[in-house]
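Chemist: Residue numbering for the sequence shown follows the working numbering, beginning at 20 and increasing consecutively.
C-beta: ideal position from N, C-alpha, C; glycine also.
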Amino acid sequence: MTKQDVLTFSDTAEQNLLYLHETLHQKKYRHSAYTTFILCDPKRRIINKASVADRIIHHAIVRVIEPFYEKRFIHRSYASRKSKGLHKGVKELRRMMLAVTRNDTRKAYYLKCDIKKFFDSVDHDILKDILQKNIRDQDILDLLVGIIDSFHTEDRKGLPLGNYTSQLFANMYMNELDQYIKRVLRIKHYI
20 MTKQDVLTFS DTAEQNLLYL HETLHQKKYR HSAYTTFILC DPKRRIINKA SVADRIIHHA
80 IVRVIEPFYE KRFIHRSYAS RKSKGLHKGV KELRRMMLAV TRNDTRKAYY LKCDIKKFFD
140 SVDHDILKDI LQKNIRDQDI LDLLVGIIDS FHTEDRKGLP LGNYTSQLFA NMYMNELDQY
200 IKRVLRIKHY I
């Protein structure tokens with residue numbers, strides 16, 4: 020089922036895409052406002068939906084920078100990654116647990132953590148610092164900063180649930196913790 024906003028954009032797709040290209044080329048692109056709605060799946064989530072034009076930009080950005088970051092993520096990072104995902108992560112966790120417990124014949128302990136309201140808590144300044152460490156092209160940085168700053172909670176934090184770029188930004192943000200746990204703390208069984 021195609022949504023009305025996609026159909027409207029598609030009616031004049033060539034013009035719209037040329038306009039997007041021109042605004043990017045002239046460095047005049049600005050992210051537009053979000054449409055907010057509530058989704059229950061079964062947990063209640065507030066989704067902030069970008070315009071079709073903005074979503075096209077998000078997809079283009081992810082296609083360009085994701086391969087660069089994919090090489091930097093730890094192998095056992097599974098969230099929102101190609102050829103990974105929840106089910107593969109659970110399988111790997113089970114495999115690790117069987118190895119540590121020697122097929123459930125020994126006791127083992129584990130720590131499961133979750134970050135409460137993670138997307139709402141992402142600090143924009145920290146995320147921008149992470150981006151600046153790895154991306155040297157100022158035009159791309161400006162574009163990414165514009166997307167990050169296009170949304171925030173009251174305390175100038177947060178990534179919108181619903182942005183394609185939010186998934187990649189979240190992985191980049193959490194990669195700092197993953198790298199610390201693997202490289203500094205040298206935790207062998209970490210997922």
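Would you give the residue range spanned by the beta strand (DSSP E) that F56 belongs to?
Modeler: First-last of the beta strand (DSSP E) with F56: T54 to C59.
Chemist: Buried or exposed, going by whether 16 or more other CB atoms sit within 10 Å of the CB of P179?
Modeler: P179 should be labelled buried.
Chemist: Between K201 and the rest of its own chain, which residues show a CB-CB distance below 8 Å, the 5 nearest in sequence each way excluded?
Modeler: Cβ within range, chain order: I93 and Y209.
Chemist: Tell me, to the nearest whole angstrom, how far the beta carbon of Y97 is from that of K107; I am working on the premise that it is less than 8 Å.
Modeler: That belief holds up - the Cβ atoms of Y97 and K107 are roughly 6 Å apart, short of 8 Å.
Chemist: Three-state secondary structure (DSSP) at N190?
Modeler: Note: N190 maps to helix in three-state DSSP.
Chemist: Three or more C-beta pairs closer than 8 Å, one from the segment 144 to 153 and one from the segment 72 to 81: is that the case here?
Modeler: Not touching, per the Cβ criterion.
Chemist: For my contact list, Y88 and L187 are in at a C-beta cut-off of 8 Å; report their separation, rounded to the angstrom.
Modeler: Their Cβ separation, rounded to whole angstroms, is 7 Å, which keeps Y88 and L187 in contact under 8 Å.
Chemist: Once the 5 residues before and after L112 are set aside, which same chain residues still bring their CB inside 7 Å of it?
Modeler: Here the set comprises I210.
Chemist: If you measure between the beta carbons of S140 and K176, is that distance less than 8 Å?
Modeler: Yes, they are a contact pair.
Chemist: Thinking C-beta only, is A189 closer than 8 Å to F138?
Modeler: Cβ atoms of F138 and A189: closer than 8 Å.
Chemist: Under the rule that 16 or more other beta-carbon atoms within 10 Å means buried, what is H50, buried or exposed?
Modeler: When all chains shown are included, H50 counts as buried.
Chemist: Do you know how far the Cα of E33 is from the Cα of F56?
Modeler: Their Cα atoms are separated by approximately 29 Å.
Chemist: Closest to R63 by CA distance: which of R155, K136 and N182 is it?
Modeler: Nearest option by C-alpha distance: K136.
Chemist: Report the three-state DSSP secondary structure of N153 (helix, strand or coil).
Modeler: The answer is helix: DSSP assigns N153 an H, G or I state.
Chemist: Does the separation of the CB atoms of L162 and I80 fall below 8 Å?
Modeler: Going by C-beta atoms, L162 is nearer than 8 Å to I80.
Chemist: Could you check what DSSP says for N182 in three-state terms: helix, strand or coil?
Modeler: Looking at N182 - three-state DSSP - the assignment turns out to be coil, as it is neither helix nor strand.
Chemist: When you compare only the Cα positions, how much space is there between N153 and Y183?
Modeler: When rounded, the distance between both Cα atoms is 20 Å.
Chemist: Classify G165 as buried or exposed, calling it buried when 16 or more other Cβ atoms lie within 10 Å of its own Cβ.
Modeler: Flag for G165 reads exposed.
Chemist: Indicate the three-state DSSP secondary structure (helix, strand or coil) for I66 in the structure shown.
Modeler: Of the three classes helix, strand and coil, the one that applies to I66 here is strand, per DSSP.
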